[in-house]
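The opening residue of the sequence shown carries number 1 in the UniProt record's numbering; numbering runs sequentially from there.
Working notes for the structure below.
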Amino acid sequence: MSQLTHLLKPKSVAVIGASSKPMRAGNIILKNLLQGGFEGAIMPVTPRYSSVCGVLAYRSIDELPVVPDVAIVCTNASRNIAIFRQLAEKQVKSVIVLSADMHLADEEGSSIQNTCLEIAKAANMRMLGPNSLGLVLPWIYFNASFSPVTAQKGKIAFISQSAAMCTTILDWANDKDIGFSAFVSLGNALDVDFADLLDYLSRDSQTEAILLYIDTIKDARRFMSAARAASRNKRILVLKGGRTAAGRKAAKAHTGGGDTLDIIYDSAIRRTGMLRVNNSHELFAAVETLTHSVPLRGERLAIITNGGGPAIMAVDTLLERGGKLAELSSQTIESLSAFLPPSWSHSNPVDMVGDADHHRYIQTLNAVMDADCADAILIMHSPSAVAHSEQTARAIVEAVKKHPRHKRFNILTNWSGELTAKPARHIFTQAGFPTYRTPESAVVAFMHLVEYRRNQKQLMETPTTAEPVHISELNEAKKWIDEKLLDKKTVSLDTHQIGPFLKHFNFNVLPTWIASDTSEAVHVAEQIGYPVAVKLRSPDIAHKSDIQGVMLNLRNSVEVGTAAEAILDRAKLSYPSAHIHGLLVQGMAKLAGGEEIRIKVKTDDTFGPVILIGQGGSEWDESIDAASALPPLNMTLARYLIVRAIKNGKIRPQKLPEPMNIQGLSELLVRISQMVVDCPQVHELDIHPVLANGSTFTILDADLILKQYDGDAQQRLAIRPYPVEYEEIVPLKTGEEVLLRPILPEDEPDHATFISRVSKEDLYKRFFTDVGEFNHEALANFTQIDYDREMAFVAVRQTDTELQIIGVSRALINPDNTDAEFAILIRSDLKGVGLGKILMQKIIDYCRHKGTKQISGMTMPTNRGMLMLAQKMGFKLDIQFEDGTADMVLPLN
1 MSQLTHLLKP KSVAVIGASS KPMRAGNIIL KNLLQGGFEG AIMPVTPRYS
51 SVCGVLAYRS IDELPVVPDV AIVCTNASRN IAIFRQLAEK QVKSVIVLSA
101 DMHLADEEGS SIQNTCLEIA KAANMRMLGP NSLGLVLPWI YFNASFSPVT
151 AQKGKIAFIS QSAAMCTTIL DWANDKDIGF SAFVSLGNAL DVDFADLLDY
201 LSRDSQTEAI LLYIDTIKDA RRFMSAARAA SRNKRILVLK GGRTAAGRKA
251 AKAHTGGGDT LDIIYDSAIR RTGMLRVNNS HELFAAVETL THSVPLRGER
301 LAIITNGGGP AIMAVDTLLE RGGKLAELSS QTIESLSAFL PPSWSHSNPV
351 DMVGDADHHR YIQTLNAVMD ADCADAILIM HSPSAVAHSE QTARAIVEAV
401 KKHPRHKRFN ILTNWSGELT AKPARHIFTQ AGFPTYRTPE SAVVAFMHLV
451 EYRRNQKQLM ETPTTAEPVH ISELNEAKKW IDEKLLDKKT VSLDTHQIGP
501 FLKHFNFNVL PTWIASDTSE AVHVAEQIGY PVAVKLRSPD IAHKSDIQGV
551 MLNLRNSVEV GTAAEAILDR AKLSYPSAHI HGLLVQGMAK LAGGEEIRIK
601 VKTDDTFGPV ILIGQGGSEW DESIDAASAL PPLNMTLARY LIVRAIKNGK
651 IRPQKLPEPM NIQGLSELLV RISQMVVDCP QVHELDIHPV LANGSTFTIL
701 DADLILKQYD GDAQQRLAIR PYPVEYEEIV PLKTGEEVLL RPILPEDEPD
751 HATFISRVSK EDLYKRFFTD VGEFNHEALA NFTQIDYDRE MAFVAVRQTD
801 TELQIIGVSR ALINPDNTDA EFAILIRSDL KGVGLGKILM QKIIDYCRHK
851 GTKQISGMTM PTNRGMLMLA QKMGFKLDIQ FEDGTADMVL PLN
């Protein structure tokens with residue numbers, strides 16, 4: 001049972017601080033529960049009244065006749081510590097806190113909310129809030145909320161940090177006849193947060209899609225892990241507040257959390273396979289689409305319209321957002337021309353001309369659906385005396401449902417206008433077709449489907465591997481860091497100082513020399529050879545270009561001397577208190593035909609290390625001019641980052657004789673990612689710029705900030721990287737040695753080969769069904785695992801010609817870490833060599849180290865080999881011959 005079952009499937013509820021006074025929280029909550037029709041026990045708790053709203057009241061919590069599944073605390077924050085102690089003593093398992101002022105100090109000097117949280121954790125009691133609007137569960141008629149309106153039954157769950165967003169969405173949804181499976185106001189999310197609810201709702205049969213309104217995330221690792229798992233099962237939409245600096249400040253004041261750049265949230269949402277919408281208008285449109293749409297088969301959109309202007313606006317919106325306009329085949333154009341007037345558009349959008357009646361709409365729609373030129377069809381209607389709004393809507397609904405190929409298409413409608421169009425839009429909603437007021441909102445909604453499909457595809461794409469940095473180079477890099485940080489907490493270094501460190505990661509760094517004054521700069525330039533660049537060296541002047549602190553293409557000693565003198569004079573004049581550490585002298589890189597790219601690693605308060613990339617320049621604003629990604633990166637993820645940066649104009653490739661090589665830049669980003677993962681002391685690295693000449697990448701300037709780091713280096717990352725510490729060489733009974741290691745996403749092709757060498761009988765015992773060939777999506781689920789909550793170990797044999805996977809053991813750990821479901825599969829021709837025992841012991845040791853309470857599995861009573869192995873290793877067996885199942889359980893911690 002999930003820890004949230006009592007909260008989200010309650011059979012009884014106590015209202016603490018119930019009141020007979022109108023407009024009091026304890027009165028509104030109790031009325032909503034009674035009016036909602038909740039069939040469980042409703043128990044008001046108050047010493048003031050013998051009954052509230054006609055329901056017998058109890059003077060105190062200890063007088064309650066049963067232990068409630070949920071307690072709703074409607075009292076002033078000052079009383080809540082005592083109430084939490086009473087609830088803990090009563091062994092209540094979940095509590096909803098409405099109070100907004102729980103942050104105030106208690107008598108001990110801590111905050112009220114922290115004291116309450118400590119009491120709740122000690123009693124294993126989950127808390128929703130504080131500052132929560134409450135909870136609505138329409139399928140069990142449970143309205144434990146402060147909302148003036150309730151929710152209808154539906155298949156969408158909504159989770160919000162903002163109470164105002166909750167009531168706004170509810171009001172709009174009721175007008176649209178859109179229902180919900182759960183409606184949860186997190187408030188300040190002191191305990192129950194997005195991760196908990198995503199874990200629960202991803203397995204909820206009543207929930208098909210999940211909507212999130214986010215101000216800030218507090219635990220990035222848990223959020224990313226839960227979101228990645230949930231988005232494989234459910235469609236998840238995110239509306240994120242705080243896109244601007246002022247918005248971030250307001251979000252922090254509202255719900256706490258760090259000051260994280262919006263582009264970092266954007267990359268995190270994308271990485272999890274969720275879909276982000278930009279504003280509440282888009283969220284409404286997306287809900288409409290999710291409620292009424294089938295999964296998108298492709299991205300080509302056909303538009304049918306009776307008005308040219310609205311169709312043009314739709315096309316503009318589509319192409320601005322990176323969509324694809326379907327191309328009509330000559331055959332389709334010919335069939336449309338047979339019944340459309342000669343003045344029709346003869347292309348997509350299909351403009352049927354203003355006098356199109358409902359018959360023309362149906363003929364055109366059938367012709368497009370008969371063809372294979374589109375994946376989705378947007379049907380547009382502007383108010384017309386010829387095509388009656390409601391009559392046309394009914395005819396279209398009937399025509400689509402009759403067409404034998406209608407399930408191949410996503411049908412969207414845009415009925416523009418208000419008075420005459422509203423009843424028609426209602427007809428579409430009732431029939432299950434998404435419908436929109438404006439051409440733009442219809443196209444934006446279609447692009448939500450496209451972007452969601454792209455994110456899901458990215459989530460499942462098989463990655464490729466870049467050449468890893470050699471372990472000896474990595475050890476030298478770590479040694480270099482230790483030397484620089486000797487007896488220091490933080491150290492800032494520039495290009496001249498970090499060249500050796502960067503070379504350990506195979507980066508090409510432009511050689512740099514230090515000069516203390518003008519004469520030394522001239523001497524160094526003579527030694528290097530002309531042309532050269534001279535740059536100011538000062539830790540206190542962030543942008544050297546502000547004072548013309550960089551002079552390029554200096555061709556002789558006179559130019560170098562003049563430039564050096566001028567740089568030092570300007571620095572002293574503009575920044576009299578700045579520390580000037582002299583000058584840097586570099587040979588000129590081959591700038592002609594090259595592209596300058598800026599790459600930055602920074603450590604965010606919430607998400608840990610992030611990688612930013614953009615065009616750079618002196619006016620670079622990372623919140624606007626960069627795209628971001630979370631490490632660890634592989635080649636596929638690095639390429640997505642670059643392509644996204646180009647698409648969004650953050651990188652603007654020049655037309656060069658030898659264009660920038662995206663593969664090469666991807667490899668460079670993967671090496672930076674490896675540096676970040678393996679060197680936790682790298683707090684910030686600013687490469688400004690790296691010069692790209694085709695496949696050659698040269699670092700011209702870079703600054704590095706190192707900070708001492710204690711603790712588990714992997715814990716600072718939002719996504720747990722490949723756990724190299726679990727690799728080991730093990731001997732089989734035959735004397736052959738195999739590598740035992742965690743599975744990698746890149747193992748997909750080898751995993752497919754492995755499964756092909758397992759007999760049908762063994763596969764049946766493993767999967768409890770006949771399995772054919774596994775498709776890419778199934779194989780991706782096997783190999784692209786979240787190391788934070790799932791583990792798979794592969795036994796790998798290296799032959800002269802290939803790398804072979806010969807066995808796999810898995811553990812799928814529940815979010816509470818109370819149970820790990822294990823499974824083992826071994827190549828059918830390699831039984832009896834001791835591999836099963838090795839793989840089983842590896843997964844047991846892993847779960848024991850992780851603190852998992854027990855490991856369990858299921859097989860068939862006929863699988864004697866598995867049952868004998870489990871019994872030898874201490875598992876308790878429960879064999880049910882009638883059901884054809886055998887359960888195996890091993891207590892661990």
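Just so you know, even glycine gets a beta-carbon here, dropped at the ideal spot from N, CA and C.
- prompt: Between Ser574 and the rest of its own chain, which residues show a CB-CB distance below 6 Å, the 5 nearest in sequence each way excluded?
  reply: As a working mapping, residue 574 is identified with position 574 in the sequence shown. Setting aside the 5 residues that flank it on each side, Ser574 is surrounded in the same chain by Ile547, each with a C-beta closer than 6 Å to its C-beta; the list follows chain order.
- prompt: At what residues does the alpha helix (DSSP H) containing Gly851 begin and finish?
  reply: Taking the sequence shown and counting its residues from 1, the one referred to as residue 851 is at position 851. First-last for Gly851: undefined, no H or E at that position.
field: Residue closest to Ala100, alpha-carbon to alpha-carbon, out of Asp370, Cys74, Ala870 and Glu89
entry: Position 100 of the sequence shown, counted from the start, is the residue given in the question as residue 100. Taking only the C-alpha atoms, the option nearest Ala100 is Cys74.
field: the segment 142-157 contacting the segment 104-123, beta-carbon criterion three pairs below 8 Å
entry: Taking 8 Å as the limit for Cβ pairs, the verdict is that the segment 104-123 does not touch the segment 142-157.
- prompt: With distances taken from CA atoms, which of Cys53, Ala18, Met23 and Asn114 is nearest Ala71?
  reply: To locate residue 71, count along the sequence shown from 1; it is residue 71. Residue Ala18 is the option with its Cα nearest to Ala71.
message: Tell me the rounded alpha-carbon separation between Ser472 and Gly549.
response: Here residue 472 is taken as the residue at index 472 of the sequence shown, counted from 1. Here residue 549 is taken as the residue at index 549 of the sequence shown, counted from 1. The C-alpha of Gly549 is placed about 38 Å away from the C-alpha of Ser472.
query: Is the shortest distance between the beta-carbon of Lys407 and the beta-carbons of chain B less than 8 Å?
result: Absence of chain B from the displayed structure is noted, only one protein chain being present.
message: Give the list of continuous alpha helix (DSSP H) stretches no shorter than 4 residues that lie fully inside the UniProt domain "N-acetyltransferase" (738-893).
response: Counting only runs of 4 or more, we get 748-756, 760-767, 776-783, 835-850 and 864-872.
query: What three-state label does DSSP hand Ile156 in the structure shown?
result: Counting from one through the sequence shown, the residue named residue 156 turns up at place 156. DSSP places Ile156 in strand when its eight states are reduced to three.
- prompt: What span of residues does the alpha helix (DSSP H) with Thr562 cover, start to end?
  reply: Looking up residue 562 in the sequence shown gives position 562. In the DSSP assignment, Thr562 falls within the alpha helix (DSSP H) that extends over Ser557 to Ser574.
task: Measure the alpha-carbon distance for Tyr436 versus Phe158 and round it to whole angstroms.
output: Here residue 436 refers to the residue found at position 436 of the sequence shown. Here residue 158 refers to the residue found at position 158 of the sequence shown. For Tyr436 and Phe158, the distance between alpha carbons rounds to 21 Å.
query: Beta carbon of Ile855, beta carbon of Ala823: below 8 Å?
result: Along the sequence shown, read from residue 1 onward, the residue named residue 855 stands at position 855. Along the sequence shown, read from residue 1 onward, the residue named residue 823 stands at position 823. Taking 8 Å as the Cβ cut-off, Ile855 and Ala823 do not qualify as a contacting pair.
- request: Flag this pair as yes or no: are the beta carbons of Ala164 and Asp199 separated by less than 8 Å?
  value: Counted from its first residue, the sequence shown places residue 164 at position 164. Counted from its first residue, the sequence shown places residue 199 at position 199. Contact annotation: Ala164 and Asp199 have beta-carbon atoms that are not nearer than 8 Å.
query: Could you give the distance in angstroms between the alpha-carbon of Lys422 and the alpha-carbon of Ile312?
result: Mapped onto the sequence shown, residue 422 falls at position 422. Mapped onto the sequence shown, residue 312 falls at position 312. About 23 Å.
query: In the structure shown, what three-state DSSP assignment does Arg126 receive?
result: The residue you call residue 126 lines up with position 126 of the sequence shown. DSSP places Arg126 in strand when its eight states are reduced to three.
message: Among the candidates Ala752, Asp770, Thr753 and His751, whose CA atom is the shortest distance from the CA of Lys760?
response: For the purposes of this step, residue 760 is identified with residue 760 of the sequence shown, where counting begins at 1. Relative to Lys760, the option among Ala752, Asp770, Thr753 and His751 whose CA is nearest is Asp770.
task: Return yes when the Cβ of Leu691 is within less than 8 Å of the Cβ of Ala702, no when it is not.
output: Counting from 1 along the sequence shown, the entry for residue 702 is found at position 702. Counting from 1 along the sequence shown, the entry for residue 691 is found at position 691. For Ala702 and Leu691, no; Cβs fall outside 8 Å.
task: Using 7 Å as the cut-off, classify the Cβ of Gly307 as near or not near the heavy atoms of the ligand NAP, replying yes or no.
output: For the ligand NAP, the structure offers nothing, since it holds no ligand at all.
field: For Lys324, the residue or residues it bridges with in DSSP
entry: Within the sequence shown, the letter at position 324 stands for residue 324. Residue pairing of Lys324 in beta bridges, as defined by DSSP: Arg300.
Sheet register partners of Ser51 (DSSP bridge): Working through the sequence shown from its first residue, we reach residue 51 at position 51. Leu56, per the DSSP bridge assignment.
query: Taking buried to mean at least 16 other C-beta atoms within 10 Å of its own C-beta, is Ile613 buried or exposed?
result: The sequence position of residue 613 within the sequence shown is 613, counting from 1. By the 10 Å Cβ count, Ile613 comes out buried.
field: Contacting residues, own chain, Cβ-Cβ under 7 Å from Thr429 (five flanking each side not counted)
entry: As a working mapping, residue 429 is identified with position 429 in the sequence shown. These residues qualify, in order along the chain: Lys176, Asp177 and Thr435.
- request: For Ala220, I'd like the list of residues in its chain whose CB is within less than 6 Å of its CB, leaving aside the five on either flank, ordered along the chain.
  value: Here residue 220 is taken as the residue at index 220 of the sequence shown, counted from 1. So the list reads Thr606, Phe607 and Ala718, once near-sequence residues are dropped.
task: Please go through the same chain and pick out, in chain order, the residues whose beta-carbon is closer than 6 Å to the beta-carbon of residue 895, but skip the five residues on each side of it.
output: The structure shown does not extend to residue 895, since the chain is modelled only from 1 through 893, so no value can be given for it.
message: Going by DSSP in three states, Val643 sits in which element: helix, strand or coil?
response: Start at 1 with the first residue of the sequence shown, and residue 643 comes out as number 643. In the structure shown, Val643 adopts helical secondary structure according to DSSP, grouped into three states.
task: Could you work out which residue in Val95, Gln35 and Asp845 is closest to residue 921 when comparing CA atoms only?
output: Nothing about residue 921 can be reported from this structure: the residues present for the chain run from 1 to 893 only.
message: For Pro44, list the residues DSSP reports as bridge partners.
response: As a position in the sequence shown, residue 44 is number 44, starting the count at 1. Pro44 is bridged to Val15.
- request: Compute the beta-carbon to beta-carbon distance between Ile729 and Glu737, rounded to the nearest angstrom, for a pair I have assumed lies under 8 Å.
  value: What you label residue 729 is simply residue 729 of the sequence shown in a count that begins at 1. What you label residue 737 is simply residue 737 of the sequence shown in a count that begins at 1. Confirmed, about 5 Å.
field: Supposed contact pair Asn233 and Ser202 - C-beta distance, whole angstroms, cut 8 Å
entry: Position 202 of the sequence shown, counted from the start, is the residue given in the question as residue 202. Position 233 of the sequence shown, counted from the start, is the residue given in the question as residue 233. The Cβ separation is near 5 Å, so the contact holds.
query: Grouping DSSP H, G and I as helix and E and B as strand, with all else coil, what is Met588?
result: Within the sequence shown, the letter at position 588 stands for residue 588. Met588: coil per DSSP, three-state reduction.
task: Assign Glu483 to one of three DSSP states: helix, strand, or coil.
output: Position 483 of the sequence shown holds residue 483. When secondary structure is reduced to three states using DSSP, Glu483 falls in the helix class.
- request: Classify Pro423 as helix, strand or coil using the three-state DSSP reduction.
  value: Mapped onto the sequence shown, residue 423 falls at position 423. Here Pro423 carries a helix assignment [DSSP, helix/strand/coil].
query: Between the Cα of Met866 and the Cα atoms of Asn80, Lys837 and Asn781, which residue gives the shortest distance?
result: Working through the sequence shown from its first residue, we reach residue 866 at position 866. Comparing Cα positions, the closest option is Lys837.
- prompt: Taking just the CA atoms, how far does Glu595 sit from Ala356?
  reply: The residue you call residue 356 lines up with position 356 of the sequence shown. The residue you call residue 595 lines up with position 595 of the sequence shown. Cα to Cα, Ala356 sits roughly 53 Å from Glu595.
message: Suppose you measure from the CA of Phe284 to the CA of Leu170; what does that come to, to the nearest Å?
response: In the sequence shown, counting from the first residue as 1, residue 284 sits at position 284. In the sequence shown, counting from the first residue as 1, residue 170 sits at position 170. C-alpha separation (whole angstroms): 11 Å.
message: Taking 8 Å as the limit between beta carbons, can you name the residues of its chain near Gln798, skipping five residues before and five after?
response: By 1-based counting over the sequence shown, the position of residue 798 is 798. Excluding its 5 nearest sequence neighbours in each direction, Gln798 has C-beta neighbours in its own chain below 8 Å: Leu739 and Gln804, listed in chain order.
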